[in-house]
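Numbering (my numbering), first residue to last: 353 to 435.
Even for Gly, the Cβ is constructed at its ideal location relative to N, Cα and C.
These notes concern the structure reproduced below.
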């Protein structure tokens, strides 16, 4: 899941904003693992009803490397003959 989000972030044009709760949670994990740099914004006054928005500032070197590895694996799997 996180890798899929990282790949999607790589295809997004700036400004990169994520608002879906699953995307926000995955982006937090990617940021914690050093794959992306983010700014978190909380919109709304009531904490329980607040909407979290993640602004992806940058994809780090580790994130770019993970994207390159995923692309290489996808190309390799696409080239394999099907039985």
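Short check: CB of residue 405 to CB of residue 369, under 8 Å? One-based indexing of the chain shown puts residue 405 at position 53. One-based indexing of the chain shown puts residue 369 at position 17. The answer is yes: Cβ separation under 8 Å.
Below 8 Å, how does it come out for the region 420–430 and the region 379–398: are there three or more Cβ pairs, yes or no? no
For residue 389, which residues does DSSP report across the bridge? Within the chain shown, numbered from 1, the residue matching residue 389 stands at position 37. DSSP output for residue 389 lists 410 as bridge partner(s).
Among 384, 367 and 375, which residue has its Cα nearest to the Cα of residue 412? Here residue 412 corresponds to residue number 60 of the chain shown, with the count starting at 1. The candidate whose alpha carbon is nearest that of residue 412 is 384.
Write down the C-beta distance between residue 358 and residue 392 rounded to the nearest angstrom, noting that I regard them as a contact closer than 8 Å. Numbered from its first residue, the chain shown carries residue 358 at position 6. Numbered from its first residue, the chain shown carries residue 392 at position 40. The Cβ separation is near 17 Å, so there is no contact.
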